[in-house]
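Here the protein sequences come in this chain order: A and B.
If you read the first sequence in my numbering, its first letter stands for residue 6, the second for the next number, and so on.
If you read the second sequence in my numbering, its first letter stands for residue 6, the second for the next number, and so on.
Beta carbons: idealized from backbone N, C-alpha and C, even for Gly.
The structure presented is a predicted model; accordingly, all values stated were derived computationally and were not measured.
Notes follow the structure.
2 protein chains.
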Amino acid sequence: MFPREEYQLRMNKTKQKMLEYGVEVLVLSNPSNLCYLTGYNAWSFYVHQVVLVLIDEEEPIWIGREMDAHSARTTTWLDQRRIIPYPDEFVQSTIRHPMDFVANILTDLGQGQRKIGVEMDAFYYTAMCHERITYGLPDAEFKNTSTIVNWVRVIKSDEEIRYMRKAAKIVENAMQSAYDTVNVGVRENDVAAAIYHAQVSGTKEFGGDYTSIVPMLPTGKNTASPHLTWTDRKYVEGDFLTLEIAGCYQRYHTPLARTMSLGKAPESVREVGKVVTEGIRETLAQMKPGVTAEQVEEVWRTSIGKHGFIKASRLGYSIGLSYPPDWGEHTISFRKGDRSLLEPGMTFHLMPGIWFDDFGVEITESVLITDSGVETLTSFTRDVFEKPL
Amino acid sequence: MFPREEYQLRMNKTKQKMLEYGVEVLVLSNPSNLCYLTGYNAWSFYVHQVVLVLIDEEEPIWIGREMDAHSARTTTWLDQRRIIPYPDEFVQSTIRHPMDFVANILTDLGQGQRKIGVEMDAFYYTAMCHERITYGLPDAEFKNTSTIVNWVRVIKSDEEIRYMRKAAKIVENAMQSAYDTVNVGVRENDVAAAIYHAQVSGTKEFGGDYTSIVPMLPTGKNTASPHLTWTDRKYVEGDFLTLEIAGCYQRYHTPLARTMSLGKAPESVREVGKVVTEGIRETLAQMKPGVTAEQVEEVWRTSIGKHGFIKASRLGYSIGLSYPPDWGEHTISFRKGDRSLLEPGMTFHLMPGIWFDDFGVEITESVLITDSGVETLTSFTRDVFEKPL
Numbered sequence: 006m007f008p009r010e011e012y013q014l015r016m017n018k019t020k021q022k023m024l025e026y027g028v029e030v031l032v033l034s035n036p037s038n039l040c041y042l043t044g045y046n047a048w049s050f051y052v053h054q055v056v057l058v059l060i061d062e063e064e065p066i067w068i069g070r071e072m073d074a075h076s077a078r079t080t081t082w083l084d085q086r087r088i089i090p091y092p093d094e095f096v097q098s099t100i101r102h103p104m105d106f107v108a109n110i111l112t113d114l115g116q117g118q119r120k121i122g123v124e125m126d127a128f129y130y131t132a133m134c135h136e137r138i139t140y141g142l143p144d145a146e147f148k149n150t151s152t153i154v155n156w157v158r159v160i161k162s163d164e165e166i167r168y169m170r171k172a173a174k175i176v177e178n179a180m181q182s183a184y185d186t187v188n189v190g191v192r193e194n195d196v197a198a199a200i201y202h203a204q205v206s207g208t209k210e211f212g213g214d215y216t217s218i219v220p221m222l223p224t225g226k227n228t229a230s231p232h233l234t235w236t237d238r239k240y241v242e243g244d245f246l247t248l249e250i251a252g253c254y255q256r257y258h259t260p261l262a263r264t265m266s267l268g269k270a271p272e273s274v275r276e277v278g279k280v281v282t283e284g285i286r287e288t289l290a291q292m293k294p295g296v297t298a299e300q301v302e303e304v305w306r307t308s309i310g311k312h313g314f315i316k317a318s319r320l321g322y323s324i325g326l327s328y329p330p331d332w333g334e335h336t337i338s339f340r341k342g343d344r345s346l347l348e349p350g351m352t353f354h355l356m357p358g359i360w361f362d363d364f365g366v367e368i369t370e371s372v373l374i375t376d377s378g379v380e381t382l383t384s385f386t387r388d389v390f391e392k393p394l
Numbered sequence: 006m007f008p009r010e011e012y013q014l015r016m017n018k019t020k021q022k023m024l025e026y027g028v029e030v031l032v033l034s035n036p037s038n039l040c041y042l043t044g045y046n047a048w049s050f051y052v053h054q055v056v057l058v059l060i061d062e063e064e065p066i067w068i069g070r071e072m073d074a075h076s077a078r079t080t081t082w083l084d085q086r087r088i089i090p091y092p093d094e095f096v097q098s099t100i101r102h103p104m105d106f107v108a109n110i111l112t113d114l115g116q117g118q119r120k121i122g123v124e125m126d127a128f129y130y131t132a133m134c135h136e137r138i139t140y141g142l143p144d145a146e147f148k149n150t151s152t153i154v155n156w157v158r159v160i161k162s163d164e165e166i167r168y169m170r171k172a173a174k175i176v177e178n179a180m181q182s183a184y185d186t187v188n189v190g191v192r193e194n195d196v197a198a199a200i201y202h203a204q205v206s207g208t209k210e211f212g213g214d215y216t217s218i219v220p221m222l223p224t225g226k227n228t229a230s231p232h233l234t235w236t237d238r239k240y241v242e243g244d245f246l247t248l249e250i251a252g253c254y255q256r257y258h259t260p261l262a263r264t265m266s267l268g269k270a271p272e273s274v275r276e277v278g279k280v281v282t283e284g285i286r287e288t289l290a291q292m293k294p295g296v297t298a299e300q301v302e303e304v305w306r307t308s309i310g311k312h313g314f315i316k317a318s319r320l321g322y323s324i325g326l327s328y329p330p331d332w333g334e335h336t337i338s339f340r341k342g343d344r345s346l347l348e349p350g351m352t353f354h355l356m357p358g359i360w361f362d363d364f365g366v367e368i369t370e371s372v373l374i375t376d377s378g379v380e381t382l383t384s385f386t387r388d389v390f391e392k393p394l
């Protein structure tokens with residue numbers, strides 16, 4: 006996927022953080038972190054699998070299901086001997102757990118008495134994983150290093166940014182495809198199908214990958230619930246909807262959301278749409294290296310506050326490489342209290358949406374922090390789109 | 006989604022199991038279990054959310070992110086007062102955790118000293134979830150009830166079976182669409198795009214839902230790695246591939262896998278294909294109520310053993326309602342040691358595949374156990390498909 010040197014740099018940055026956190030071994034479960042450090046890419050995270058980083062060894066170690074070791078050999082930069090499969094009898098068993106196997110491997114490798122970092126709040130590091138590994142390594146000392154690799158991922162390399170620009174092209178096509186397909190008498194699921202087709206077809210030059218979140222396209226009152234997917238209801242004149250989707254190129258995501266209506270938009274939607282787009286312009290104008298995440302949110306809050314609006318949820322979050330169920334990196338959030346400094350090479354989903362009890366407007370941008378300011382990754386008109394009928 | 010009576014029956018069955026396990030409160034994190042008991046359906050499981058079952062109360066309680074409470078009001082049968090949102094400051098914070106909030110609610114409800122069952126190995130019940138809830142409820146006694154609701158889900162109602170039959174129609178269409186699209190010069194991702202389009206379009210009568218696993222379509226040597234997704238490589242004459250996909254109707258899944266080639270299949274693929282289809286026939290002939298899961302696997306093992314083949318991984322698993330990243334129910338597996346009895350209304354993905362170091366053949370069926378035997382949910386020819394060029 007990436008040149009070996011890029012993986013080695015990622016490993017070195019990870020080890021530097023391990024020293025900061027005071028751990029000698031990392032047990033990683035987050036599929037995005039597995040992929041980031043090794044290249045591993047397969048839909049196998051529904052069984053337990055880990056990547057180990059030992060502070061004194063150059064290459065990580067992959068441990069997973071026997072059936073998936075082939076995928077590890079195909080997709081990673083690791084030496085064959087660093088790929089360790091566990092037998093199928095460990096899969097979803099009430100008697101054996103894959104973390105028993107991992108604990109034994111760590112013992113065999115002489116790591117049983119070290120300081121071990123685990124991702125306490127990562128999606129696939131279950132309570133049982135932690136129970137079994139701590140039981141299996143009674144002499145080790147465990148620390149929570151939930152987002153240690155996530156923080157390494159925050160600043161993108163030039164190559165990663167190229168991937169995200171490709172994802173941007175894909176999401177522009179997918180959004181256009183949604184705009185073209187929505188119509189009176191068309192079912193919501195048919196619009197979702199058109200979006201999927203565009204996302205995965207990609208462009209003539211490169212194919213698209215699956216996105217970590219499915220297309221979300223609530224209609225009418227349901228726009229107040231931004232995480233509803235779709236039904237097979239047919240659109241009628243006067244419907245309005247929010248569309249939140251992403252393009253994905255080799256696991257790198259560029260999300261984009263827009264709001265549209267079938268025919269003229271309700272006055273309330275138009276009005277909120279204008280407040281949101283003005284807020285985006287004012288916020289983007291202030292984003293540059295050295296500004297904090299909470300300052301970004303403050304610009305937005307002030308902007309919409311002038312019109313009497315508030316938004317309770319965060320204004321956005323760091324994005325890049327990811328696996329389901331989320332395309333956020335779980336590091337920087339634009340909200341009060343987050344004092345992270347913006348740096349060149351960071352990428353965010355700036356998520357200005359305003360939701361009320363009975364409707365919502367969502368218009369977003371994926372952005373890259375440059376040396377002197379900010380750049381949007383996609384180029385797609387922000388106005389509420391009124392589909393001519 | 007389902008009539009209120011069906012949810013009440015599901016709750017009663019769950020409470021019966023709670024008595025067996027000796028717990029008075031359930032804290033559920035598995036999105037499939039949330040949906041099964043309440044109807045809750047939104048792509049929000051990337052933040053922590055739970056459903057509580059109290060043994061002495063009729064309705065469950067939903068706790069989730071403020072932004073998602075609207076979805077809970079829209080999709081569940083619960084009284085408004087049983088929907089409890091937590092503020093956005095709990096989302097992906099290093100200071101606050103949603104389980105702190107859940108623990109406080111349980112205390113307020115007078116449940117702080119009870120026996121509480123948690124899903125120790127469910128995907129979204131992280132080690133941190135368990136740490137925070139046990140910290141917040143020091144006087145409660147915690148028990149692992151990882152699959153307590155999963156086991157209630159094992160036997161499907163007539164209405165659930167109707168959903169799976171609809172999903173079966175969708176997957177037949179999607180597989181046909183893949184057969185039609187694959188061709189020399191076509192890219193793998195374009196076939197994936199056609200599959201997605203068919204899955205989500207569904208039929209004229211009903212729309213399709215997203216599947217819990219993405220289409221997997223490894224080609225050539227990569228067929229040895231069943232969980233690889235796709236690339237943008239173009240197919241060439243002589244390629245062969247395995248396709249594992251599902252249809253989904255309102256979260257109910259019917260998976261199906263087939264093997265195909267562009268032009269004549271290699272002799273080895275043809276030969277293994279025949280062994281697998283013979284094995285399926287012989288296995289299906291023995292499946293009926295009262296047979297154990299391990300006996301089903303034994304029939305298969307004996308059948309392919311006659312030809313000198315072995316399969317290390319399990320032969321299949323229980324299916325039905327599900328959310329990413331898996332469409333399996335994590336209960337019954339067809340493998341040695343699983344003595345679960347087949348019963349009418351159970352549904353399985355019978356997964357006969359044989360994988361070698363350099364290729365694999367996968368031909369599967371989704372099946373329903375009937376009063377007297379077994380029935381395949383789909384009707385799609387099993388032979389290795391040789392695409393005419």
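Own chain residues within Cβ distance below 7 Å of residue i, not counting five before or after
i: A/Thr282; result: Ile368, Arg387, Asp388
i: B/Val159; result: Ser323, Glu334, Thr336, Ile337, Met351
i: A/Gly117; result: Leu111, Leu142, Asp144, Ala145
i: A/Arg15; result: Tyr41, Leu42, Val157
i: B/Glu242; result: Val189, Leu267, Gly268, Leu394
Cα-Cα separation between residue i and residue j, rounded to whole angstroms
i: B/Thr247; j: B/Glu193; result: 12 Å
i: B/Asn188; j: A/Phe211; result: 18 Å
i: A/Glu348; j: A/Thr307; result: 23 Å
i: B/Ile315; j: B/Ile359; result: 7 Å
i: B/Gly342; j: B/Glu299; result: 6 Å
i: A/Tyr41; j: A/Gly295; result: 26 Å
i: B/Ala197; j: A/Ala173; result: 20 Å
i: A/Asp331; j: A/Arg263; result: 19 Å
i: A/Thr186; j: A/Asp126; result: 40 Å
i: A/Gly115; j: A/Leu59; result: 11 Å
i: A/Ser377; j: B/Pro271; result: 58 Å
i: B/Lys20; j: A/Phe7; result: 52 Å
Residue i, buried or exposed, once every other Cβ within 10 Å from all chains shown has been counted against 16
i: B/Leu176; result: Looking at the sequence provided, one finds Val at residue 176 of chain B rather than Leu. Classification of B/Val176: buried, given that the 10 Å Cβ count is 16 or more.
i: A/Gln97; result: buried
i: B/Ser273; result: exposed
i: B/Gln85; result: exposed
i: A/Gln255; result: buried
i: B/Tyr140; result: exposed
Rounded distance between the beta-carbons of residue j and residue i, thought under 8 Å
i: B/Thr150; j: B/Val107; result: Actually they are not in contact, since the Cβ atoms of B/Thr150 and B/Val107 sit about 16 Å apart, beyond 8 Å.
i: B/Gly321; j: B/Tyr240; result: Not confirmed; about 29 Å, so no contact.
i: A/Ser230; j: A/Pro329; result: A/Ser230 to A/Pro329, Cβ: 20 Å. No contact.
i: B/Val157; j: B/Lys22; result: 6 Å
i: A/Asn35; j: A/Tyr168; result: 19 Å between Cβ atoms; not a contact.
i: B/Phe245; j: B/Met221; result: The Cβ separation is near 15 Å, so there is no contact.
Cut-off 6 Å between Cβ atoms - residues of its own chain near residue i, not counting five sequence neighbours on either side
i: B/Thr80; result: Gly44, Tyr45, Asn46
i: A/Asn109; result: none
Own chain partners of residue i with C-beta closer than 8 Å, once the 5 adjacent residues on each side are dropped
i: B/His202; result: Ser182
i: B/Tyr26; result: Gly122, Lys148, Thr150, Ile153
i: B/Val205; result: Gly212, Gly213, Asp214, Tyr215
i: A/Glu11; result: Ser162, Glu164
i: B/Pro92; result: Glu71
Distance CB(residue i)-CB(residue j) smaller than 8 Å
i: B/Leu382; j: B/Arg119; result: no
i: A/Pro103; j: A/His53; result: yes
i: B/Val154; j: B/Asn227; result: no
i: A/Glu64; j: A/Leu33; result: no
i: A/Val372; j: A/Phe353; result: yes
i: B/Lys392; j: B/Leu261; result: no
i: B/Arg286; j: B/Arg319; result: no
Any C-beta of chain D under 8 Å from that of residue i
i: A/Arg263; result: Of the chains in the structure shown, none is chain D; the protein chains are A and B.
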